[in-house]
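One structure is given here, and the rest of the page talks about it.
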Amino acid sequence: SALFGGLPATGAIARTATNVRAGARSPISGMAHALFVLIFMLALSPIMSYVPLAALAAVLVIVAWGMSEIERFRHLMRAPLGDRGLLLLTFLLTVMVDLTVAIEVGLVVAAFLFMHRMATTVEVEGHTLADEIEQSGDEVDMRSRLPAGVEAFRIIGPLFFGATSHLEDALRSFRDTGYPKVFILRTRLMPLIDASGVNTLEVFMAQLRKAGTLLILSGLQPQPRQVLERMGFAEREGELLLARDFEHAIELAEIHLEHAHPTVVA
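Position 239 of the sequence shown, counted from 1, bears residue number 220 in the working numbering, the numbering being contiguous throughout.
Right, here's the structure in full:
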């Protein structure tokens, strides 16, 4: 497309979403879809002209409703005020103007919203975060203190729409070595989270749940804790636990491992 002056955007997002909901799992499905469209265009277009437009409209309505994810929309309406405003803005632009315009405007507004939040967070919590950074020097031996079957990662900085891929990278690292029994995610140095970050955490926890892994969040700061609570991110036995600090997280991990594999005394 770029060789002919085109700009690839999101022209096929409706078919992609329908394909995924129908059970697609690999890029081969997209290639097969393109092949079927080509066959219909070259060989069956005269027959397709007899399909009533009302029938095609009904198909489009069902596809649009399936893509709307109304439950996800309601869930995001519990996000902080700025995220809710950004959601409604991009939604209205998508419906009234164009999807490409909505993406462009939404990205710019999200960047300004992020800068405003970071400025507020640094002003209110800068002293606390500085103290924690100074105290983090004695934690270089973190992995040596972890029990067998426990893994830990630390988030340094805000978890927002531009940094959510790092959690996905952490998941990929387990695919070859195998998932641990307990995963500790240290958030003491994460001053800020937005709706995109919460969504990434939910997907992250769902992947760990499928693998039978308990997720422990340790050292949540006030802003992330408030946002997570507002969006329904609560403790769930065997899935998610909240710890005061890293030491508490290790204690919870040991208790979980002991219950999962109790010691038998003869």
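Backbone N, C-alpha and C fix where the C-beta goes; we use that ideal spot for every residue, glycine too.
For L173, the secondary structure class from DSSP, reduced to helix, strand or coil, is coil.
The C-beta of I174 has 16 or more other C-beta atoms within 10 Å across all chains shown, which makes the residue buried. DSSP, read as helix, strand or coil, puts L223 in strand. Note on geometry: alpha-carbon atoms of F93 and E149 lie some 25 angstroms from one another. Using a C-beta cut-off of 8 angstroms, the region 164 to 174 makes contact with the region 126 to 137, since at least three inter-stretch Cβ pairs fall below that distance.
A Cβ-Cβ distance of about 19 angstroms is found for the pair A215 and D64, leaving them out of contact under the 8 angstroms criterion.
In chain order, L68, D175, A176, V179, V208, R211 and M212 place their CB closer than 8 angstroms to the CB of A60, counting only its own chain and leaving out the 5 sequence neighbours on each side. With fewer than 16 other beta carbons inside 10 angstroms of its own, H97 counts as exposed. Per DSSP, the beta bridge partners of L140 are I174. If you draw a straight line from the Cα of E85 to the Cα of L70, it is about 12 angstroms long. Here M29 has F21 as same chain residues with Cβ atoms under 7 angstroms from its own Cβ, once five neighbours each way along the sequence are excluded. Distance from the Cα of A(-2) is smallest, within the candidate group L57, V40 and A45, for A45.
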